[in-house]
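Be aware that the sequence shown starts at 2, since it is given in the numbering used here, and climbs by one per residue. Beta carbons: idealized from backbone N, C-alpha and C, even for Gly.
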Amino acid sequence: MTSPSHDVLIVGAGLSGLSVARFLRDKQPGLKLLLLEKNNHPGGAISSHSEEGYLAEWGAHGFLDNCLESRVLIHIAGLKQEVEKAPLKEFVRYVCLDGALKCIPQSPPKIIKAPLIPFSAKLRILADLWKKPLPGEPTVADWVEYRFGKALIPFADAVFTGTYAGDINRLTIDSVMAGVRDIEKEYGSVLRGLWKKAQAKK
Ligand SMILES: Cc1cc2nc3c(=O)[nH]c(=O)nc-3n(C[C@H](O)[C@H](O)[C@H](O)COP(=O)(O)OP(=O)(O)OC[C@H]3O[C@@H](n4cnc5c(N)ncnc54)[C@H](O)[C@@H]3O)c2cc1C
């Protein structure tokens with residue numbers, strides 16, 4: 002008896018493994034793929050459950066559609082009709098600081114005016130304009146502290162915990178915000194880069 006052979010072995014049937022399998026199969030239909038999953042259901046971090054008439058998500062509930070790949074994925078998964086656009090203009094984010102919920106304004110001028118951090122910490126953010134790009138692959142926490150100061154760490158924590166349920170002391174900034182890192186390297190400062198990009202758009 003000969004053991005079955007495969008051209009490609011994919012470990013893990015989460016979003017990454019399933020997407021790779023689908024893209025490979027579309028590219029080369031003859032490929033013999035084997036997708037291994039240790040759990041008894043696919044999906045990895047993404048799973049839904051219904052309870053008392055409500056649909057709840059254990060993992061991701063949203064995604065960015067500003068890259069072609071995510072739109073292609075939605076299309077080939079046949080989910081185009083089910084996707085709901087998030088009303089970003091009405092989007093409100095709260096962060097729990099010192100035991101109280103604080104609303105984070107969603108536009109940079111309002112963030113600067115909001116009494117969320119001391120004035121000295123607001124000035125510290127401007128140091129980004131003079132800081133050299135941080136080499137290597139720093140963690141989100143190290144990178145935020147280096148560029149913008151310690152006071153912004155709880156806010157970065159809220160954003161990345163809300164998005165990846167990850168630990169900002171372990172996630173690297175290059176893996177979660179490659180675009181922002183590119184801006185930092187190209188313009189030598191995130192603030193300057195964002196400002197120049199906004200000017201160019203105008
Ligand atoms: C609470 C939460 C909220 C999130 N919210 C968002 C969001 O709103 N938007 C967004 O874009 N992202 C969000 N994320 C992140 C997103 O869900 C993940 O980045 C993505 O699902 C990861 O997919 P993956 O396939 O890379 O990894 P996983 O989903 O972790 O899949 C890995 C799979 O590999 C399997 N596996 C591991 N080792 C083995 C082995 N040795 N043999 C066989 N199988 C193995 C695991 O069982 C698992 O099924 C969220 C994550 C969490 C946890």
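Contact shell at 6 Å, judged by CB to any heavy atom of ligand 1, ordered along the chain | So the residues near ligand 1 by this Cβ test are VAL12, GLY13, ALA14, GLY15, LEU16, SER17, GLY18, LEU37, GLU38, LYS39, ASN40, GLY45, ALA46, ILE47, GLY60, ALA61, HIS62, GLY63, PHE64, THR164, TYR165, ALA166.
Identity of the residue in GLY31, LEU130, LEU65, GLY44 nearest TYR147 by Cα | When each option's Cα is compared against that of TYR147, the closest is LEU130.
From the DSSP output, in three-state form, read off VAL181 for me.
-> Note: VAL181 maps to helix in three-state DSSP.
On the three-state DSSP scale, how would you describe GLU83?
-> In the three-state DSSP reduction, GLU83 falls in the coil class, being neither helix nor strand.
Taking C-alpha atoms, which residue in ALA122, ALA166, VAL93 lies nearest to SER108?
-> The shortest C-alpha separation from SER108 is found at VAL93.
Pairwise C-alpha distance: THR173 and ILE118 = Their Cα atoms are separated by approximately 25 Å.
What are the boundary residues of the alpha helix (DSSP H) that includes LEU130?
-> Note, LEU130: premise wrong, no alpha helix (DSSP H); not H, not E.
Check whether the Cβ atoms of ALA122 and LYS151 lie closer than 9 Å to each other.
-> With contacts defined as CB atoms closer than 9 Å, ALA122 and LYS151 qualify as a contacting pair.
For VAL21, which residues from the same chain have a beta carbon less than 7 Å from its beta carbon, with the 5 sequence-adjacent residues on both sides left out?
-> Excluding sequence neighbours, VAL21 sits near ILE11.
Residue of GLU185, ILE126, ARG125 minimising C-alpha distance to PRO136 = Comparing alpha carbon positions, the residue from GLU185, ILE126, ARG125 closest to PRO136 is GLU185.
Give me the Cα-Cα distance between PRO155 and LYS114, rounded to the nearest whole angstrom.
-> In a straight line, the C-alpha of PRO155 is about 18 Å away from that of LYS114.
Examine ligand 2 and report whether any of its heavy atoms sits within less than 8 Å of the Cβ of GLY180.
-> Of the ligands one can find in the structure shown, namely ligand 1, none is ligand 2.
Take the Cβ of ARG171 as the centre, count every other Cβ of all protein chains shown within 10 Å, and call the residue buried at 16 or more, exposed below.
-> Looking at its Cβ environment, which holds fewer than 16 other Cβ atoms inside 10 Å, ARG171 is exposed.
Give the range of the alpha helix (DSSP H) segment to which ILE75 is assigned.
-> For ILE75, the enclosing alpha helix (DSSP H) begins and ends at 69–77.
Residue from ASN41, LEU19, GLY60 with nearest C-alpha to LEU74 = The candidate whose alpha carbon is nearest that of LEU74 is LEU19.
Give the secondary structure of ILE11 by DSSP, where H, G and I count as helix, E and B as strand, and everything else as coil.
-> Correct three-state label for ILE11: strand.
Going by beta carbon distance, what residues of the same chain come within less than 7 Å of LEU1, once the five residues before and after it are set aside?
-> Nothing in the structure corresponds to residue 1, since the chain is present only between 2 and 203.
Which term fits SER190, buried or exposed, when burial requires 16 or more other beta carbons within 10 angstroms of its beta carbon?
-> Classification for SER190: buried.
Taking only the alpha-carbon atoms, compute the straight-line gap between ALA46 and SER17 and give it to the nearest angstrom.
-> The straight-line gap separating the alpha-carbon atoms of ALA46 and SER17 is approximately 11 Å.
Between LEU56, GLY15, LYS203, GLU52, which lies nearest to ASN41 when the distance is taken from Cα to Cα?
-> For ASN41, the nearest C-alpha among the options comes from GLY15.
Would you say ALA179 and ALA157 are within 9 Å of each other, going by their C-beta atoms?
-> Not a contact, by the Cβ cut-off of 9 Å.
Given that a residue counts as buried once 16 or more other Cβ atoms are within 10 Å of its Cβ, and exposed if not, what is VAL84?
-> Under a 10 Å Cβ-count criterion, VAL84 is classified as exposed, with fewer than 16 other Cβ atoms of the shown protein chains found around its own Cβ.
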